[in-house]
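Chemist:
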Amino acid sequence: MRQLDIARSHGLYNVITGLWPLAHMRSFELVFGPKSDTWLVRTVAGLLIANGLAQLRTADSSDSLAQARRIGIGTAATLAFIDAFYGFSGRISKMYLLDAAAELTWILLWRRSSSKERTGPLKK
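Numbering (this note's numbering), first residue to last: 82 to 205.
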């Protein structure tokens, strides 16, 4: 899969997952459990939307792809760690482990993207 396709797909995923709790907190809580700090859910949602929009605007240039890759891997790694750490500890719903798996999939896609397309600090 081309890095540009990964960037835009990942961006769309981040925008959609960010919009969900903003558009319908009730259904979000039905899936992921009740939230005592909805302000925090909304903050994370906003950050996901911002990151996703940046990825959606990725151009087919080495600098733009490198930035999208850093945003993508950084966002996915952060979410995967939090989901797994608190999901396994029982602090948050086990449903977050599904999101951890999705985030690990994004990391895998970024890491497996064609070596000739790799740019920036992750270049081999």
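Virtual Cβ for every residue (Gly too), placed ideally from N, Cα, C.
Owing to the predicted nature of the structure, the values given are computational and were not obtained by experimental measurement.
In terms of alpha-carbon separation, which member of Pro102, Ser142, Leu121, Thr119 lies closest to Val112?
Modeler: For the purposes of this step, residue 112 is identified with residue 31 of the sequence shown, where counting begins at 1. Ranking the options by Cα distance to Val112, first place goes to Pro102.
Chemist: So Arg138 is in the alpha helix (DSSP H); what residue range does that whole segment cover?
Modeler: Walking along the sequence shown from the start, residue 138 turns up at place 57. Neither: Arg138 is in no alpha helix (DSSP H) and is coded neither H nor E.
Chemist: Measure from the alpha carbon of Ala157 to the alpha carbon of each residue in Asp86, Arg83, Gln84, Gly92, then state which is nearest.
Modeler: Stepping through the sequence shown from its first residue, residue 157 is reached at position 76. For Ala157, the nearest C-alpha among the options comes from Gly92.
Chemist: Gln136 and Ala147: beta carbons closer than 8 Å?
Modeler: Locating residue 136 in the sequence shown gives position 55, counting from the first residue. Locating residue 147 in the sequence shown gives position 66, counting from the first residue. Cβ atoms of Gln136 and Ala147: not closer than 8 Å.
Chemist: Between the C-alpha atoms of Ser90 and Lys175, what's the straight-line distance to the nearest angstrom?
Modeler: Position 9 of the sequence shown, counted from the first residue, corresponds to residue 90. Position 94 of the sequence shown, counted from the first residue, corresponds to residue 175. If you take the alpha carbons of Ser90 and Lys175, they lie about 25 Å apart.
Chemist: For Ser143 and Asn95, what's the separation of their Cα atoms in angstroms?
Modeler: Looking up residue 143 in the sequence shown gives position 62. Looking up residue 95 in the sequence shown gives position 14. One C-alpha to the other measures close to 22 Å.
Chemist: Compute the Euclidean distance between the alpha carbons of Phe109 and Lys116, then round it to the nearest angstrom.
Modeler: Along the sequence shown, one-based indexing puts residue 109 at 28. Along the sequence shown, one-based indexing puts residue 116 at 35. Going by the C-alpha atoms only, they are around 9 Å apart.
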